[in-house]
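Visitor: First the structure, which I've put down as structure tokens, then a few questions once you've had a look.
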Amino acid sequence: MPIPEDVTGDEIDKDVRQELQSLPKTLAEDVAKNLVMVARLIDEDPEAAYGYSKVALRLASRVAAVREAAGFAAYANQKYGEALAEFRAARRMTGTVDLWPVMADCERGLGRPEKALDMAGAPEVHKLDKAGQVEMRLVAAGARRDMGQLDAAIVTLQSPELASSSVQPWTARLRYAYADALLAAGRDGEAREWFAKAVEADRDGSTDASDRLAELDGVEFTDALDESQDDGDAASPEDGDKD
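Going by the numbering used here, the first residue of the sequence shown is number 51, and it counts up by one from there.
Spelled out as structure tokens, the structure:
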């Protein structure tokens, strides 16, 4: 797959670059460039990112960072079985538990919420950092919802992190998930309150909390272009005015 000229491979994280040092220099550079493309495209064009991840995987399947990138690219394309296999491979290589929450979410994607809940209660969760533990809580709540257990999902999300007034990278998503669960349970007033709190914490627009809040408040957005077109149509002369 083509690599833009502005991509050098030096853009990758230093830890990944260190992993690639086990490869011949030219090969390491090629792998690094493909990993840069995965990171660059995974949000805006996940299918293309997946393609680049497959190239990197073909070149260096024994590098943990490559397996992890391939896992995330597959995950972004809802290829949950493939993603889970890659995450497991990366975990075997590194021995870390960082991927545990996303592995559990793959189980959800495969229609196995019970397995995701089992993973949420596993000893590995205690080894996660705070961000990982919050992510695991989000996955567990999602699994509860998959099983139709709305009240249990709400309880799962109730935590010191949810109650905290400090804003962390995970705060907006946690508040959003809680608001969405409340809304699904018919607790609209509480849901509105938590969507508003999610908006306050969502500094980079990672959720559509503001839209959900507006919807609850009955605010309707009008497309300015359509409105302008309607005005133009109204000003058009009527064909029926002919003599």
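Where a beta carbon is used, it is the ideal one built from N, C-alpha and C, also for glycine.
Helix, strand or coil for threonine 257, going by three-state DSSP, please let me know.
Guide: Taking the sequence shown and counting its residues from 1, one reaches residue 257 at position 207. Three-state DSSP puts threonine 257 in coil, outside helix and strand.
Visitor: If we count the other Cβ atoms within 10 Å of its Cβ and call it buried at 16 or more, is alanine 234 buried or exposed?
Guide: For this step, residue 234 is matched to residue 184 along the sequence shown. Exposed, because fewer than 16 other Cβ atoms sit within 10 Å of the Cβ of alanine 234.
Visitor: What is the DSSP secondary structure of alanine 310, reduced to helix, strand or coil?
Guide: The question about residue 310 has no answer here: the residues shown for the chain are numbered 51 through 293.
Visitor: Please report the Cβ distance between glutamate 259 and tyrosine 226, rounded to the nearest whole angstrom; I am assuming they are in contact, meaning their Cβ atoms lie under 8 angstroms.
Guide: Residue mapping note: residue 259 aligns to position 209 of the sequence shown, counting from 1. Residue mapping note: residue 226 aligns to position 176 of the sequence shown, counting from 1. Glutamate is not the amino acid found at residue 259; the sequence shown has alanine there. Contact flag correct, Cβ pair sits at about 5 angstroms.
Visitor: Classify aspartate 291 as buried or exposed, calling it buried when 16 or more other Cβ atoms lie within 10 Å of its own Cβ.
Guide: Position 241 of the sequence shown holds residue 291. At aspartate 291, the pLDDT of 46 sits below 50, so the modelled position is not reliable; the number obtained from the coordinates is stated separately. Counting Cβ neighbours within 10 Å, aspartate 291 comes out exposed, since fewer than 16 surround it.
Visitor: Taking only runs that begin and end inside the segment 172 to 222, name each unbroken alpha helix (DSSP H) of 4 or more residues, in chain order.
Guide: With a minimum length of 4 residues, the continuous alpha helix (DSSP H) runs that stay inside the segment 172 to 222 are 180 to 196, 200 to 207, 210 to 213.
Visitor: On the DSSP letters alone, give me the boundaries of the alpha helix (DSSP H) that glutamine 128 sits inside.
Guide: Your numbering for residue 128 matches position 78 in the sequence shown. Run containing glutamine 128: none; DSSP gives neither H nor E here.
Visitor: Using only the alpha-carbon positions, how far apart do alanine 190 and proline 74 sit?
Guide: Your numbering for residue 190 matches position 140 in the sequence shown. Your numbering for residue 74 matches position 24 in the sequence shown. If you take the alpha carbons of alanine 190 and proline 74, they lie about 42 angstroms apart.
Visitor: When DSSP labels each residue in this structure, what does glycine 145 get in the three-state scheme?
Guide: Taking the first residue of the sequence shown as position 1, residue 145 is located at position 95. Three-state result, glycine 145: coil.
Visitor: By alpha-carbon positions, which one of Ala193, Val147, Ala246 ends up nearest to aspartate 168?
Guide: On the sequence shown, residue 168 is found 118 positions in, with the first residue counted as 1. With distances taken between Cα atoms, aspartate 168 lies closest to Ala193.
Visitor: Evaluate serine 72 with the Cβ neighbour count: other Cβ atoms within 10 Å of its Cβ, from every protein chain shown; 16 or more gives buried, anything less gives exposed.
Guide: Indexing the sequence shown from 1 puts residue 72 at position 22. Exposed, since its Cβ has fewer than 16 Cβ neighbours within 10 Å.
Visitor: On a CA-only basis, which of Arg142, Ala119, Gly268 is nearest alanine 133? Give me that one, please.
Guide: Within the sequence shown, residue 133 is the residue found at index 83, counting from 1. Checked all of Arg142, Ala119, Gly268; the closest Cα to alanine 133 is Ala119.
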